[in-house]
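See below for the structure under consideration.
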(Lines of atoms letter the chains of each structure in order from A and count residues from 1; the text may use other names and numbers.)
(Lines give C-alpha, C1' and ligand atoms only; values in the text may rest on other atoms or scores of the structure.)
Protein backbone atom coordinates (compact mmCIF):
# COMPACT_ATOMS: atom_id res chain seq x y z
CA UNK A 1 0.00 0.00 0.00
CA UNK A 2 1.43 3.32 -1.09
CA UNK A 3 1.01 6.19 1.31
CA UNK A 4 -0.03 9.52 -0.16
CA UNK A 5 1.41 12.83 0.96
CA UNK A 6 -1.87 13.71 2.64
CA UNK A 7 -1.91 10.45 4.64
CA UNK A 8 1.72 10.97 5.59
CA UNK A 9 1.00 14.52 6.78
CA UNK A 10 -2.01 13.34 8.80
CA UNK A 11 0.05 10.59 10.43
CA UNK A 12 2.82 13.04 11.31
CA UNK A 13 0.27 15.45 12.78
CA UNK A 14 -1.19 12.66 14.96
CA UNK A 15 2.33 11.75 16.06
CA UNK A 16 3.01 15.37 17.06
CA UNK A 17 -0.27 15.58 18.96
CA UNK A 18 0.49 12.36 20.84
CA UNK A 19 3.97 13.63 21.72
CA UNK A 20 2.49 16.90 22.98
CA UNK A 21 -0.06 15.01 25.11
CA UNK A 22 2.66 12.82 26.64
CA UNK A 23 4.82 15.86 27.32
CA UNK A 24 1.95 17.77 28.95
CA UNK A 25 1.08 14.73 31.05
CA UNK A 26 4.66 14.51 32.32
CA UNK A 27 4.66 18.24 33.09
CA UNK A 28 1.42 17.97 35.06
CA UNK A 29 2.76 15.00 37.04
CA UNK A 30 5.90 16.93 37.98
CA UNK A 31 3.91 20.04 38.92
CA UNK A 32 1.52 18.02 41.10
CA UNK A 33 4.40 16.48 43.05
CA UNK A 34 5.96 19.93 43.41
CA UNK A 35 2.67 21.26 44.77
CA UNK A 36 2.74 18.53 47.44
CA UNK A 37 5.82 20.10 49.07
CA UNK A 38 3.64 22.44 51.15
CA UNK A 39 1.79 19.53 52.76
CA UNK A 40 4.72 17.09 52.76
CA UNK A 41 4.77 16.63 56.53
CA UNK A 42 1.15 15.51 56.64
CA UNK A 43 1.07 13.48 53.42
CA UNK A 44 2.74 10.06 53.66
CA UNK A 45 2.59 9.58 49.88
CA UNK A 46 4.86 12.53 49.20
CA UNK A 47 8.13 10.59 49.41
CA UNK A 48 6.70 7.82 47.23
CA UNK A 49 5.62 10.33 44.62
CA UNK A 50 9.05 11.94 44.63
CA UNK A 51 10.62 8.54 44.06
CA UNK A 52 8.48 8.22 40.92
CA UNK A 53 9.70 11.52 39.48
CA UNK A 54 12.68 9.91 37.76
CA UNK A 55 10.45 7.88 35.46
CA UNK A 56 8.29 10.92 34.70
CA UNK A 57 11.41 12.99 33.96
CA UNK A 58 12.64 10.25 31.60
CA UNK A 59 9.28 10.26 29.84
CA UNK A 60 9.46 14.04 29.48
CA UNK A 61 13.00 13.93 28.06
CA UNK A 62 12.01 11.22 25.58
CA UNK A 63 9.68 13.65 23.83
CA UNK A 64 10.63 16.79 21.95
CA UNK A 65 10.40 19.62 24.46
CA UNK A 66 11.24 23.32 24.72
CA UNK A 67 14.45 24.07 26.62
CA UNK A 68 12.71 26.64 28.86
CA UNK A 69 10.33 23.98 30.18
CA UNK A 70 13.22 21.65 30.90
CA UNK A 71 14.93 24.13 33.21
CA UNK A 72 11.73 25.02 35.04
CA UNK A 73 10.79 21.38 35.59
CA UNK A 74 14.29 20.39 36.68
CA UNK A 75 14.12 23.09 39.39
CA UNK A 76 10.76 21.72 40.56
CA UNK A 77 12.10 18.17 40.66
CA UNK A 78 15.20 19.20 42.59
CA UNK A 79 13.19 21.09 45.21
CA UNK A 80 10.80 18.16 45.61
CA UNK A 81 13.70 15.72 46.00
CA UNK A 82 15.36 18.02 48.54
CA UNK A 83 12.17 18.18 50.60
CA UNK A 84 11.84 14.39 50.42
CA UNK A 85 15.44 13.92 51.54
CA UNK A 86 14.73 16.06 54.60
CA UNK A 87 11.71 13.91 55.45
CA UNK A 88 13.27 10.49 54.83
CA UNK A 89 15.45 10.27 57.97
CA UNK A 90 12.66 11.68 60.13
CA UNK A 91 10.18 9.12 58.86
CA UNK A 92 12.53 6.18 59.40
CA UNK A 93 13.28 7.36 62.94
CA UNK A 94 9.58 7.70 63.71
CA UNK A 95 8.89 4.28 62.19
CA UNK A 96 11.61 2.70 64.32
CA UNK A 97 10.29 4.39 67.46
CA UNK A 98 6.79 3.06 66.73
CA UNK A 99 8.11 -0.49 66.44
CA UNK A 100 10.17 -0.45 69.67
CA UNK A 101 7.44 -2.16 71.68
CA UNK A 102 7.11 -5.01 69.19
CA UNK A 103 9.50 -7.95 69.20
CA UNK A 104 11.14 -8.59 65.87
CA UNK A 105 13.45 -11.14 64.35
CA UNK A 106 16.03 -8.42 63.81
CA UNK A 107 16.44 -7.92 67.55
CA UNK A 108 16.79 -11.70 67.97
CA UNK A 109 19.65 -11.73 65.47
CA UNK A 110 21.48 -8.95 67.25
CA UNK A 111 21.39 -10.72 70.64
CA UNK A 112 24.98 -11.89 70.21
CA UNK A 113 24.31 -15.60 69.78
CA UNK A 114 26.25 -17.12 66.88
CA UNK A 115 24.12 -18.51 64.11
CA UNK A 116 24.57 -22.18 63.28
CA UNK A 117 25.36 -23.19 59.73
CA UNK A 118 23.26 -25.85 58.08
CA UNK A 119 25.07 -28.83 56.62
CA UNK A 120 25.72 -28.84 52.91
CA UNK A 121 23.44 -31.15 50.97
CA UNK A 122 24.90 -32.70 47.85
CA UNK A 123 22.71 -31.84 44.89
CA UNK A 124 21.90 -34.55 42.38
CA UNK A 125 23.43 -34.21 38.94
CA UNK A 126 21.85 -35.09 35.67
CA UNK A 127 23.88 -36.87 33.03
CA UNK A 128 23.85 -36.17 29.33
CA UNK A 129 21.42 -38.94 28.33
CA UNK A 130 18.17 -37.08 27.59
CA UNK A 131 16.18 -40.31 27.51
CA UNK A 132 16.60 -40.51 31.28
CA UNK A 133 15.34 -36.95 31.88
CA UNK A 134 11.71 -37.94 32.66
CA UNK A 135 12.90 -40.30 35.40
CA UNK A 136 15.21 -37.67 36.87
CA UNK A 137 12.47 -35.04 36.67
CA UNK A 138 9.88 -37.29 38.31
CA UNK A 139 12.05 -37.82 41.37
CA UNK A 140 11.61 -34.12 42.24
CA UNK A 141 8.16 -33.40 40.80
CA UNK A 142 5.16 -33.81 43.01
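In my numbering, the protein residues as written are -9 to 132. For each residue, glycine too, the CB sits at the ideal point set by N, CA and C.
* To do: Could you give the DSSP three-state label for residue 65: helix, strand or coil?
  => Along the chain shown, one-based indexing puts residue 65 at 75. Judged by DSSP in its simplified three-state form, residue 65 adopts helix.
* With respect to the alpha helix (DSSP H) encompassing residue 126, which residues constitute its N-terminal and C-terminal limits? -> Taking the first residue of the chain shown as position 1, residue 126 is located at position 136. Its alpha helix (DSSP H) spans residues 123 to 128.
* According to the neighbour-count rule (16 or more other Cβ atoms, all chains shown, within 10 Å of its Cβ), is residue 127 buried or exposed? -> The residue given as residue 127 occupies position 137 in the chain shown. Burial call: exposed.
* Closest residue to residue 16 among 6, 2 and 59 (Cα-Cα distance) -> What you label residue 16 is simply residue 26 of the chain shown in a count that begins at 1. For the set 6, 2 and 59, the Cα lying nearest the Cα of residue 16 is the one of 59.
* To do: Closer than 8 Å by C-beta to residue 41: which residues in its own chain qualify, once you throw out the five before and the five after it? Chain order, please.
  => Indexing the chain shown from 1 puts residue 41 at position 51. Excluding the 5 residues flanking it on each side, residue 41 has same chain C-beta neighbours closer than 8 Å at 74, in chain order.
* Asked: Cα-Cα, which of 105, 20 and 117 is closest to residue 64?
  -> Position 74 of the chain shown, counted from the start, is the residue given in the question as residue 64. Ranked by Cα distance from residue 64, the first of 105, 20 and 117 is 20.
* Which whole-angstrom value is the C-beta distance of residue 39 and residue 26, which I expect to be below 8 Å? -> Locating residue 39 in the chain shown gives position 49, counting from the first residue. Locating residue 26 in the chain shown gives position 36, counting from the first residue. Contact flag correct, Cβ pair sits at about 6 Å.
* Among the residues of its own chain, which have a CB less than 7 Å from the CB of residue 46, if the five just before and after it don't count? -> Within the chain shown, numbered from 1, the residue matching residue 46 stands at position 56. Within the same chain, Cβ atoms closer than 7 Å to the Cβ of residue 46 are found at 16, 19 and 20, the five residues on either side in sequence being excluded.
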